[in-house]
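**Student:** Below: one structure in structure tokens.
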Amino acid sequence: MKPVLVTALLALAFAFSGCNTSVGVDNPDSREASANQVTGIVSTRYNASVDSVFNAVNRSLDQTPGMMRTGESDIAGVEGAQERAGVKVFARSVGDLLVTVEIVKTEDKEKKETYTAVAIRFGAFGNLPESQKLISRISSNLRR
8 MKPVLVTALL ALAFAFSGCN TSVGVDNPDS REASANQVTG IVSTRYNASV DSVFNAVNRS
68 LDQTPGMMRT GESDIAGVEG AQERAGVKVF ARSVGDLLVT VEIVKTEDKE KKETYTAVAI
128 RFGAFGNLPE SQKLISRISS NLRR
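Residue numbering for the sequence shown follows the working numbering, beginning at 8 and increasing consecutively.
Put into structure tokens, the structure is as follows:
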């Protein structure tokens with residue numbers, strides 16, 4: 008009984024630990040994105056403000072055939088900050104798939120850099136090719 012329980016717990020821990028894979032994207036600030044196979048989230052980062060990336064995301068979702076923006080929600084940050092900490096944008100795709108794009112201002116403490124992280128999720132399980140296409144559209148709509 009004990010070996011079966013130990014094996015089951017190890018398999019469960021392995022399944023939920025996640026599998027992050029680096030994938031290539033068309034982003035001049037970061038040529039690779041991180042794709043999590045368990046959560047279905049593809050994330051990348053930009054050297055731009057949250058508002059600039061937010062506007063580029065909105066334009067990209069509007070330009071995507073079969074996609075309709077349905078709303079957005081601000082992500083709370085530090086009180087008194089001049090710029091908002093982040094935004095979560097919601098959209099619907101063909102087949103009524105929920106698409107979420109989370110835009111958050113983050114800081115790399117080791118490099119002492121501030122950047123805007125973008126995390127995209129198509130549906131419940133994610134869709135890597137569609138996420139890569141959306142990142143490409145966001146990059147082209149981000150005015151430099």
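Glycine included, C-beta positions come from ideal geometry on N, C-alpha and C.
1) Should ALA45 go down as buried or exposed, given a rule of 16 or more other Cβ atoms within 10 Å for buried?
2) Can we say the segment 120-130 touches the segment 68-78, given the rule of at least three CB pairs closer than 8 Å?
3) Does the count of Cβ pairs from the segment 105-120 and the segment 25-32 closer than 8 Å reach three?
4) State the start and end residues of the unbroken beta strand (DSSP E) segment that holds LEU105.
5) Would you mind working out which of THR71, ILE82 and LEU16 sits nearest SER138, comparing C-alpha positions?
6) Under 7 Å Cβ to Cβ from SER198, same chain only, skipping five residues before and after it: list those, please.
7) Output the boundary residues of the beta strand (DSSP E) element that contains ASP81.
8) Report all residues from its chain with a CB closer than 8 Å to the CB of LEU149; omit the five preceding and five following residues, and keep chain order.
9) Using only CA atoms, which one of ALA131, GLU109 and PRO35 lies nearest to SER50?
10) Tell me the residue span of the alpha helix (DSSP H) that contains ALA55.
11) For chain D, is any of its Cβ atoms less than 8 Å away from the one on SER50?
12) What do you get for VAL13, buried or exposed, if any count of 16 or more other CB atoms within 10 angstroms of its CB means buried?
13) Would you call the CB atoms of VAL30 and ARG38 closer than 8 Å?
**Tutor:** Put simply:
1) The residue given as residue 45 occupies position 38 in the sequence shown. Here residue 45 turns out to be Val, not Ala, going by the sequence shown. By the 10 Å Cβ count, VAL45 comes out exposed.
2) no
3) no
4) For the purposes of this step, residue 105 is taken as the residue at position 98 of the sequence shown. First-last of the beta strand (DSSP E) with LEU105: 104-115.
5) In the sequence shown, counting from the first residue as 1, residue 138 sits at position 131. Of THR71, ILE82 and LEU16, the residue nearest in Cα terms is THR71.
6) Outside the displayed range of the chain (8 to 151) lies residue 198, so it cannot be described from this structure.
7) By 1-based counting over the sequence shown, the position of residue 81 is 74. Element bounds for ASP81: 75-82.
8) To locate residue 149, count along the sequence shown from 1; it is residue 142. TYR53, ALA55, SER59, VAL60 and ALA63.
9) The residue given as residue 50 occupies position 43 in the sequence shown. It is GLU109.
10) In the sequence shown, residue 55 corresponds to position 48, counting from 1. ALA55 -> no alpha helix (DSSP H), and no H or E assigned at all.
11) The displayed structure is made up of one protein chain only, and chain D is not part of it.
12) For the purposes of this step, residue 13 is taken as residue 6 along the sequence shown, with counting starting at 1. Classification of VAL13: exposed, given that the 10 Å Cβ count is below 16.
13) One-based indexing of the sequence shown puts residue 30 at position 23. One-based indexing of the sequence shown puts residue 38 at position 31. Not a contact, by the Cβ cut-off of 8 Å.
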